[in-house]
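Read in order, the letters of the sequence shown correspond to residues 1 to 384 in the UniProt record's numbering. Every residue, glycine too, gets a C-beta built ideally from N, C-alpha and C. The model shown is predicted, which means the values in this text are computed figures rather than measured ones. As C-alpha cells, the structure follows; a few thoughts come after it.
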Amino acid sequence: MNFQKRLLRAEPNFQILAKLWQVNWIYVVLICLLAAVGYGALYSAGGGTSRPFAEPQTIRFCFGLVMMLGVALMSPTVLVRLAWPLYGVSLLLLVAVLRMGHVGKGAERWLMIGGLQVQPSELAKIALVLVLASWFHKISYRDMGNPLYLFPPALMVLIPVGLVLKEPNLGTAVIIATVGASLFFAAGMRLWQIALLAAPLPFLTKIAYNHLHDYQKARVITFLHPENDPLGAGYNIIQSKIALGSGGMWGQGYLHGTQGQLNFLPEKQTDFIFTMIAEEWGYVGGAAVIGLLLVMILGGMLIAIRSRNQFGRLLGLGISMNFFLYCAVNLSMVMGAIPVGGVPLPLISYGGSAMLMVMFGFGLLLSAWVHRNSTFGETTDKDT
C-alpha cells in the first residue's frame with residue numbers, strides 16, 4: 001500500500017503504473033475468459049474456421065481491451081465532464097438513425113459510419129448510466145424526496161427510451177428504462193414515489209401492446225403458441241428448444257452439434273449463440289457459462305458496494321445492471337421464457353457495437369474500483 005501511495009505522488013508516468021496496479025485484474029481475467037468462450041462458440045458457428053466470425057470478434061475484443069484499461073484509469077472528475085457530451089452525442093445518433101438508419105428485421109437500428117455498422121442505442125445505455133450517476137451524486141438523500149429534483153433525470157431516461165421505441169426497438173427500450181429505474185431506486189427514491197409510478201403500468205402495458213408493430217405482435221403470439229407456425233414465425237424458437245434438448249447432460253461434442261452445424265439453428269452466431277453452446281457442451285457446459293456470467297454480475301455489484309462515493313456506487317450498479325439485463329433477456333429468449341427480441345449475449349454473440357460498448361462499460365466499472373477510496377468531493381484534476 002505504501003508503495004502504491006509513493007507511486008501516486010510521483011511523476012505522471014508512475015501514477016499511471018500505480019493505477020494499473022490497482023485495476024481489479026481478477027475481473028479482467030473473467031472478462032477475457034468470457035471472450036474466450038465467445039471465440040470458441042463463434043469458431044464452431046463458422047463451421048470450424050476462425051472466419052467469418054471468430055477472427056473479427058477477437059480483433060474487436062483486443063481493441064476493446066485496450067480501450068477498457070484506458071477508461072479504467074480515468075478519474076471520476078473526468079468521467080463527470082464526459083457524461084453530458086457523451087449523452088448528447090448518443091441522442092444525436094439516435095435521431096440520425098430515424099433519418100438515415102439501416103433497416104434490419106423491421107426496424108432502423110444501425111448507422112453506417114466509415115464503413116462500419118454502429119448501433120447508437122448501445123451507446124445510449126452507457127451514456128445514460130454516466131449522466132444519471134453524475135446527476136444523482138450532486139444531490140442529497142433529502143433532495144430525492146422532492147419531485148423537482150427527479151423531473152430532469154426522468155426526462156434523461158424518457159428521451160432515449162422514446163427515440164429507441166421509434167426505431168422501433170422494444171427490447172432495448174425496456175432495458176434502457178429498467179437501468180434508469182434501478183439508478184433512481186439506488187439513489188434513494190422513496191417507496192411511495194415508486195409505487196405511484198408503478199400503479200399505471202398494467203394499463204400502459206395494454207396501450208403499448210395495441211401500438212406495437214405487426215411483427216412485434218407476431219413475436220408475442222409466437223411466444224405463446226410457437227407451434228401454430230412451425231415453419232414461419234415459430235421456427236426460430238422451436239429449433240432453439242430442439243437444440244437445447246438435444247445437448248442432454250454432456251452435449252454432442254464440440255463442432256458436432258447437429259442443429260448448429262447443419263444450419264437448422266437460426267442466427268447461431270448472434271441471438272442464439274448460447275443454444276449452440278448448450279447443444280455441443282450440454283447442461284454442464286451451459287450451466288458453466290451461466291455461472292461465469294453470474295460471477296461477473298456479482299463481482300460488478302461488489303465493486304459498486306465497495307465504492308466510497310455515490311458516483312462510483314451508481315456507476316458500478318448501472319453497468320452491472322445493464323450487463324445483467326443483456327444476459328437475462330438473451331438467455332430467457334433462447335429458452336422460450338420471453339418473446340424473441342434480438343438482444344445479444346455479451347462478449348459471446350458476434351457483433352461490433354455491442355462488443356465495444358460492453359467493454360467501454362467494463363472500463364467504467366473498473367474505474368469505479370480503481371477510485372473506490374476517493375471522496376468524490378475532494379477529487380481534483382491531478383487524479384487523472
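Practice item. Classify residue 199 as buried or exposed, calling it buried when 16 or more other Cβ atoms lie within 10 Å of its own Cβ. Key: exposed
Point to revise | Proximal residues to residue 380 (C-beta, below 8 Å), its chain only, five neighbours per side dropped | key: With a pLDDT of only 41 at residue 380, under the threshold of 50, the placement of this residue in the model should not be trusted, and no figure is reported.
Practice item. Would you kindly work out how many angstroms separate the C-alpha atoms of residue 289 and residue 148, rounded to a whole number? Key: 44 Å
**Study point:** the segment 155–171 touching the segment 124–132, judged by at least three CB pairs closer than 8 Å
**Key:** yes
Point to revise | Assigned secondary structure, residue 112 (DSSP; H/G/I helix, E/B strand, else coil) | key: strand
**Study point:** Beta-ladder partner(s) of residue 22, from DSSP
**Key:** According to DSSP, residue 22 bridges with nothing at all.
Point to revise | Pairwise C-alpha distance: residue 354 and residue 309 | key: 28 Å
Check your understanding: To the nearest angstrom, how far is it from the Cα of residue 335 to the Cα of residue 368?
Key -> 34 Å
Check your understanding: In whole angstroms, what is the alpha-carbon distance linking residue 383 and residue 122?
Key -> The pLDDT assigned to residue 383 is 43, lower than 50, so where the model puts this residue is not dependable, and the model offers no usable value.
Practice item. Could you check what DSSP says for residue 57 in three-state terms: helix, strand or coil? Key: helix
Check your understanding: What residues match up with residue 118 in a beta bridge as DSSP calls it?
Key -> 111
Check your understanding: Helix, strand or coil for residue 367 per DSSP?
Key -> helix
Exercise for review: Just tell me which of 254, 135, 340, 57 has its CA closest to the CA of residue 387.
Suggested key: An answer regarding residue 387 cannot be provided, because it is not within the stretch 1 to 384 covered by the chain.
Check your understanding: Considering only C-alpha positions, which residue in the set 133, 302, 348, 62 is nearest to residue 83?
Key -> 133
Exercise for review: Give every residue of the same chain whose Cβ lies closer than 8 Å to the Cβ of residue 296, excluding the five residues on either side of it in the sequence, and list them in chain order.
Suggested key: 27, 30, 31, 34, 323
Review point. Using CA coordinates, which residue listed in 301, 262, 256, 241 is at the minimum distance from residue 275?
Key: 241
Exercise for review: Determine the DSSP secondary structure at residue 261, reduced to helix, strand or coil.
Suggested key: helix
Check your understanding: Start and end of the alpha helix (DSSP H) containing residue 156?
Key -> 147–166
Point to revise | Span separating the alpha-carbon of residue 378 from that of residue 168 | key: With a pLDDT of only 42 at residue 378, under the threshold of 50, the placement of this residue in the model should not be trusted; the figure read from the coordinates follows. Computed Cα separation, rounded: 43 Å.
Review point. Out of 280, 371, 263, 357, which has the shortest C-alpha to C-alpha gap to residue 305?
Key: 371
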